[in-house]
Structures are given as structure tokens and as C-alpha cells.
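Sequence order for the protein chains is Z and A. Going by the numbering used here, the first sequence opens with residue 1, and the numbers climb by one from there. Going by the numbering used here, the second sequence opens with residue 1001, and the numbers climb by one from there. A virtual CB, placed ideally from N, CA and C, is assigned to each residue, including glycine.
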Amino acid sequence: MAHDHHHDHHHDGHSHGHEELERPWQAVRTEAVESLLADLGIIDPARVDEIVRYYEEKVGPKTGARVVAKAWTDPEFKARLLANGLEACAELGIGGPETEYLHVVENTPEVHNVIVCTLCSCYPWTVLGLPPAWYKSSAYRSRMVREPRRLLAEMGLPLQDDVRIQVWDSVSEIRYLVLPERPAGTDGLTEEQLIEIVSRDSMIGVAKLPVQDQGSQS
Amino acid sequence: MSGTSQAVFEGAVDLGSLEFREPWAARLFGVTLAMSERGLFTMKDFQHSLIAAVGDFEKASCIRDEEEYYTRWLEALSVLLKSRGIMKDEMLSATEERVVERLLGLQHERHHHHEHSPGRPDVIAPLVVA
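This is the structure in C-alpha cells:
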């Protein structure tokens, strides 16, 4: 890589002159902000702990996988999910205050959906946890709009020319979730087993789920 | 073909797990959500601020990793806190000085088991498969 990611950031002219400190200036700034807000009684550090733990440990792609597996096995749930993603997720006890609308888009052999946030990095946190780093990169956010077919192919998902690609931009209050196609070879799997095969990337729309060998889950 | 973008993309890291790579980013994320819970701003307000910070940065550069991304997040939160009159520059600077003092003290104490690595762990996986 041509760039060194660990160069010093000359930010806002805030230089502390503490070259020996082993923490980046962002760590210092963040701690200062938190400490100030706690002193002012505005936030409770214990609550910050809880929020971080929740997003690191409790919510993740497994949450979205539960939604997908349920939709694959329960057509009525799927209909409700496509009609109102947030309400359907709430049935499974999934949700959170950050999402205002959740629009679930279904992949078919003819239509492939993929999600992006062109302006920042909006992501369906409540169902997928925190976004992968590449999702936030300038490259992904610009190229998925400009040349989705090419980028998807580069990411390991070449699509036939007759497959229509729909790129959903999460800039407004709407968050999107891709409902991937249920792969062949999964007829005999239980909902619990299906959950295991649904990947995060398939729910972003940058991957398809591979055909499963019956009786194997590799 | 945008050779630059391509190189940039290869530089993007994949989290693999959902843990924050930078501990400060986790706190920052938590502080932001905690503030919105308390009604000091909505996540939509924050999003507007983040969009502005990202947009400014991308006029001259690209976001390539977690650090660059969450740095924009930190800028966005700082701007929002200032514009809402919640936090003033002088207060922040003074607090930062105290934080630095404290961290240097801790660092000194920990000197014997000096495990901290400033670099990223070697779990970075190239996303793009040719």
C-alpha cells in the first residue's frame, strides 16, 4: 500500500506536544469529551459501557440471519417483513431506537439488491450490528453507485448481464436489508441450521450464499 | 479503471468480528448513542453532522480505514456539541490536558508489561478477490 495509515494527523491544529503518549489524539479527545459530559451529568459512563457491549456482543449479523431464516421458512412472516421490516423484526424481538424505517429488499434470480450509504455510512445496525470497515470506505461508497456490476465482480460476485442490480442508498431515515436467495441444497435444514449459513455480506448484497451440500454445512 | 480507488479498496480492512478495532472508537460510538438517548440530539441530527464531516474530508482525501472513518465521527460529534452550546473549546482543551496527564501516568506505571502495539493486528484481509 502506498499510504501509511499511521501517520500523524494534523488535525485542527490541536497538537498536544506529548509525543511520548502512546494513544492517538482521537483517544485523548474522545476520553475528554466523555469525561466532560459525565462531569456535566449529561451522560453516564456505565450506560456508554452498556451500549458498546450491546453492539459488540449482542447485535451482529446473527441477528439479521435470524430474520432471513425466518423469512425463508415462514411465507407469512416474509410477507410481513417485506411490507414493514421494522414491525416484522419487532415480532422477533429485534429492533432499536436508531432505526426509523427498515426496508427489506428481496433478491431473486433476476434482481440483485445491494446496500450502500453514499454520504456517510448508514447501516441497519439493529439487524446487522456494526458495519464492516470497507462499507465505510470512500471507494465502496462511490464505486457501488458508479459501477456496481464491476465492483460486485471484484468483490467476488460476478453477475450475469441480464441480472438487474438495484443499489439502495441509505442516506435518508430508511435503512435497507437484503433478503438473500435461499441457496439450493437447504431444503432439509431447520430454521436454526439456516441461520448458520446466512452471511453478513449476503445481507448487504455483496455476496450470494453458496449452494449447500445436503447434510453438510460447509 | 480507477486505479486509485482500487488500491484504496485493497487497503480497506474487514472487521471480521464486530469488535471495534480502535477502543476509542467504541467509546465514541457509545457516547454518541448515549447522548441521543438523553435527547441532546437525535441520531438524524448527528447523521447530518457526520455527512458534513465526511464530505469535507472527501474533498481532498478518501476514507480508507476505521481510524479515518471514526475520526470523521469524532469531528462530527465535536461540531454538534459546540453548536449546541454543550461543550466549549476551552473546556475541551483543559480536559484533554488532564486526560493526557492521566494517561502518561498510567503509561509509566505499565512500563514493565508494555504490550501496546500502535499498529493493527495482522488479521487484515483483502476484500477484493481478483
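Distance between Z:Ser137 and Z:Val116, taken at the CA atoms: about 11 Å. Residue state for Z:Glu110 is assigned as coil, using DSSP reduced to three classes. It is roughly 42 Å from the alpha-carbon of A:Ala1076 to the alpha-carbon of Z:Asp74.
Contact between the stretch 1087-1100 of chain A and the stretch 1035-1047 of chain A is absent, with fewer than three C-beta pairs closer than 8 Å. Straight-line measurement puts the Cα of A:Leu1074 at about 28 Å from the Cα of Z:Met203.
Here Z:Ile51 carries a helix assignment [DSSP, helix/strand/coil]. Residue-level contact by beta carbon fails for A:Leu1106 and chain Z, as no gap is shorter than 7 Å. Annotation: Cβ neighbours of A:Glu1066 in chain Z (cutoff 9 Å, chain order): Ala133, Lys136. An exposed status is given to Z:Thr108, since fewer than 16 other beta-carbon atoms sit within 10 Å of its beta-carbon. Listed along chain Z, no residue sits closer than 9 Å to A:Gly1039 by beta-carbon distance, the nearest being about 10 Å off. The alpha-carbon separation between Z:Asp169 and Z:Asp39 amounts to approximately 39 Å. The three-state secondary structure of Z:Gln212, taken from DSSP, is coil. With a minimum length of 3 residues, there is no unbroken run of beta strand (DSSP E) contained wholly in the stretch 1026-1053 of chain A. Here the alpha carbon of Z:Tyr176 sits roughly 15 Å from the alpha carbon of Z:Ala71.
Taking a Cβ-Cβ cut-off of 7 Å, Z:Ala69 has no neighbours in chain A, whose nearest Cβ is about 19 Å from it.
Counting of Cβ neighbours within 10 angstroms places A:Tyr1070 among the buried residues, the total reaching 16 or more. Between the alpha carbons of Z:His103 and A:Trp1024 lies a distance of about 31 Å.
Under the DSSP assignment, Z:Leu194 falls in the alpha helix (DSSP H) whose first and last residues are 191-197. In the structure shown, A:Ile1063 adopts coil according to DSSP, grouped into three states. The stretch 80-91 of chain Z and the stretch 156-169 of chain Z do not touch, with fewer than three beta-carbon pairs separated by less than 8 Å. Under the 7 Å criterion on CB atoms, A:Thr1042 is classed as non-interfacial with respect to chain Z. Following the DSSP letters along the chain, one finds Z:Leu86 inside the alpha helix (DSSP H) bounded by residues 85-91. For Z:Leu36, the uninterrupted alpha helix (DSSP H) run begins and ends at 25-39, by DSSP. With respect to the 7 Å criterion, Z:Thr126 and Z:Gly93 are not classified as neighbours on the basis of their beta carbons. If you ignore the 5 residues before and after A:Ile1063, its C-beta comes within less than 8 Å of the C-beta of Val1054, Phe1057, Tyr1069, Arg1072, all in its own chain and listed in chain order. Below 8 Å, enough C-beta pairs join the stretch 47-67 of chain Z and the stretch 198-213 of chain Z to call them touching: three or more.
Rounded to whole angstroms, the separation of the alpha carbons of Z:Val114 and Z:Glu106 is 10 Å.
DSSP places Z:Gln160 outside any beta strand (DSSP E), giving it a letter other than H or E.
Of all residues in the stretch 1083-1098 of chain A, those with a C-beta nearer than 9 Å to a C-beta of chain Z are Ile1086, Met1087, Met1091, Leu1092, Ser1093, Ala1094, Thr1095, Glu1096, Glu1097, Arg1098, reading in chain order. The secondary-structure analysis by DSSP pairs Z:Gln166 across a beta bridge with Z:Asn113. A direct Cα-to-Cα measurement between Z:Glu110 and Z:Gln160 gives close to 9 Å.
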